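Chemist: Sharing a structure, written as structure tokens. Questions coming.
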Amino acid sequence: MIDIWQGRNQSRRFSSSLSQNHQPYLILGGDYSGVNFKGDNVGNLEYYDPCKGDVKISEKIVPMELLELMGRIGSSHGWVASLNTRDATMSLVDDLNPTTSLDSDPKRISLPPFATLPYCQTQLVTNVAMSASPEQEDCVLAVKFLRPQLSLCRPCSGSNSKWVNIRTPSSFFNSQVMYSRRNQMFCMPASGGHYTGSWDLHTHRHNPILNQLRLQDLPKLVHSEWELLNCRLEVV
């Protein structure tokens, strides 16, 4: 199982499920190789291996449409969340996983259309997170949009899958969502990093748990060093 960075024109960040057993990759695009028997343009997956510092072209063949029309908005548990720029529909795919078998059929999970809350938007996605592999029945997917909206759903529910839309407080408008295995909840740091909010699909949909952060023994840094630290936190 791997974790995948975003493509050339996407924000570059690690998946929230990164662990020591995961190999990170940065997807660069596709090296066009021709037309398959279905008449679709296909290419070899091109990616960067940060552990070895090499750009590699895999033997894995992927649809060019997946790389060109679908914006990669996040990854988790070896799956990539893609947003189709034509109709704004979202799906989970494992086509872009360089380590999956060349002989295995690509897996894709289609998700229901987004419902936009009043005074919110669902075009600009901050990031995504999952509680487990989307093939597991108890998996919950979280999509954080820029500004208020946070949307949760169960990908394995099939036609019964639906989004639970949550309006977050203003202090979380620019935050990224993460999954806490210990608490089994989706968490976000508030602006300024003074406290966190946690949500789930049960009792804390609209009543998040707020935890204040009390940091002790902070290092003595000059203003420029604090600015550099803050910049690096935003990039990650």
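Counting from 1, position 212 in the sequence shown corresponds to residue 212 in full-length UniProt numbering; the numbering is continuous, with no gaps.
Heads up, the beta-carbon is just placed ideally off N, CA and C, and yes, glycines get one too.
Small disclaimer: the values here were computed from a predicted structure and weren't measured.
I'd like to confirm the pairing. Which residues does DSSP put opposite Lys-162 in its beta bridges?
Modeler: As a position in the sequence shown, residue 162 is number 162, starting the count at 1. Looking at the DSSP assignment, Lys-162 forms no beta bridge with any residue, so it has no partner.
Chemist: Assign Pro-134 to one of three DSSP states: helix, strand, or coil.
Modeler: Here residue 134 refers to the residue found at position 134 of the sequence shown. Three-state DSSP puts Pro-134 in coil, outside helix and strand.
Chemist: What separation, rounded to the nearest whole angstrom, lies between the Cα atoms of Asp-217 and Pro-118?
Modeler: Here residue 217 refers to the residue found at position 217 when the sequence shown is read from its first residue. Here residue 118 refers to the residue found at position 118 when the sequence shown is read from its first residue. About 43 Å.
Chemist: Quick check: what's the CA-CA separation for Ala-81 versus Asp-95?
Modeler: The residue you call residue 81 lines up with position 81 of the sequence shown. The residue you call residue 95 lines up with position 95 of the sequence shown. Near 11 Å, if we compare the C-alpha coordinates of Asp-95 and Ala-81.
Chemist: Quick one: Cα of Leu-228 to Cα of Lys-107, how far?
Modeler: In the sequence shown, the residue the question calls residue 228 occupies position 228. In the sequence shown, the residue the question calls residue 107 occupies position 107. Their Cα atoms are separated by approximately 41 Å.
Chemist: Quickly, what does DSSP pair residue 242 with across the bridge? List them, please.
Modeler: Because the chain in this structure spans residues 1 to 236, residue 242 falls outside the shown range and cannot be described.
Chemist: For chain D, find out if any of its Cβ atoms is closer than 8 Å to the Cβ of Leu-45; answer yes or no.
Modeler: No chain D is part of this structure, which consists of one protein chain only.
Chemist: Tell me which same chain residues have a C-beta within less than 6 Å of the C-beta of Met-90, skipping the five on either side of it?
Modeler: The count along the sequence shown starts at 1 and reaches residue 90 at position 90. Same-chain partners within the cutoff: Leu-83 and Leu-111.
Chemist: Which of the three DSSP states is assigned to Leu-218 in this structure?
Modeler: On the sequence shown, residue 218 is found 218 positions in, with the first residue counted as 1. Annotated three-state conformation of Leu-218 is coil, per DSSP.
Chemist: Would the beta-carbon of His-204 fall within 8 Å of that of Ser-198?
Modeler: Taking the first residue of the sequence shown as position 1, residue 204 is located at position 204. Taking the first residue of the sequence shown as position 1, residue 198 is located at position 198. Result yes, Cβ atoms of His-204 and Ser-198 sit closer than 8 Å.
Chemist: Helix or strand or just coil, what does DSSP make of Asn-21?
Modeler: On the sequence shown, residue 21 is found 21 positions in, with the first residue counted as 1. Confidence at Asn-21 is low in this model, with a pLDDT of 49, below 50, so the placement of that residue is unreliable and no value is reported for it.
Chemist: Can you tell me where the beta strand (DSSP E) holding Gly-39 begins and where it ends?
Modeler: The sequence position of residue 39 within the sequence shown is 39, counting from 1. Gly-39 -> no beta strand (DSSP E), and no H or E assigned at all.
Chemist: Please look up how many angstroms separate the CB atoms of Val-42 and Pro-63, rounded, as I've assumed it's under 8 Å.
Modeler: Against the sequence shown, residue 42 aligns to sequence position 42. Against the sequence shown, residue 63 aligns to sequence position 63. 6 Å between Cβ atoms; contact.
Chemist: Across the region 118-129 and the region 175-188, are there enough close Cβ pairs to call them in contact, namely three or more that are closer than 8 Å?
Modeler: Contact between the region 118-129 and the region 175-188 is present: three or more C-beta pairs spanning the two stretches fall below 8 Å.
Chemist: According to DSSP, is Phe-173 part of a helix, a strand, or is it coil?
Modeler: The sequence position of residue 173 within the sequence shown is 173, counting from 1. Coil, per DSSP.
Chemist: Taking the C-alpha atoms as reference points, what is the distance between Ser-175 and Gly-193?
Modeler: Position 175 of the sequence shown, counting from 1, holds the residue named residue 175. Position 193 of the sequence shown, counting from 1, holds the residue named residue 193. Straight-line Cα distance between these residues: approximately 10 Å.
Chemist: Bridge partners for Val-140 per DSSP, in chain order?
Modeler: Taking the sequence shown and counting its residues from 1, the one referred to as residue 140 is at position 140. DSSP, once it has assigned bridges, lists no residue as partnering Val-140.
Chemist: Roughly how many whole angstroms lie between the Cα atoms of Leu-152 and Arg-214?
Modeler: Against the sequence shown, residue 152 aligns to sequence position 152. Against the sequence shown, residue 214 aligns to sequence position 214. Approximately 29 Å between the Cα atoms of the pair.
Chemist: Just tell me which of Cys-139, Gln-184 and Cys-120 has its CA closest to the CA of Ser-157.
Modeler: The residue labelled residue 157 in the question sits at position 157 within the sequence shown. Comparing Cα-Cα distances from Ser-157 to each of Cys-139, Gln-184 and Cys-120, the minimum goes to Cys-139.
Chemist: Given a threshold of 16 other Cβ atoms within 10 Å of its Cβ, counted over all protein chains shown, does Cys-51 qualify as buried or as exposed?
Modeler: Locating residue 51 in the sequence shown gives position 51, counting from the first residue. Label assigned to Cys-51: exposed.
Chemist: Taking Pro-134 and Leu-141 to be in contact with their CB atoms under 8 Å, please state how far apart those CB atoms are, rounded to whole angstroms.
Modeler: Within the sequence shown, residue 134 is the residue found at index 134, counting from 1. Within the sequence shown, residue 141 is the residue found at index 141, counting from 1. Their Cβ separation, rounded to whole angstroms, is 7 Å, which keeps Pro-134 and Leu-141 in contact under 8 Å.
Chemist: Please report the distance separating the alpha-carbon of Leu-150 from that of Asn-44.
Modeler: Residue 150 sits at position 150 when you count from the first residue of the sequence shown. Residue 44 sits at position 44 when you count from the first residue of the sequence shown. Cα to Cα, Leu-150 sits roughly 34 Å from Asn-44.
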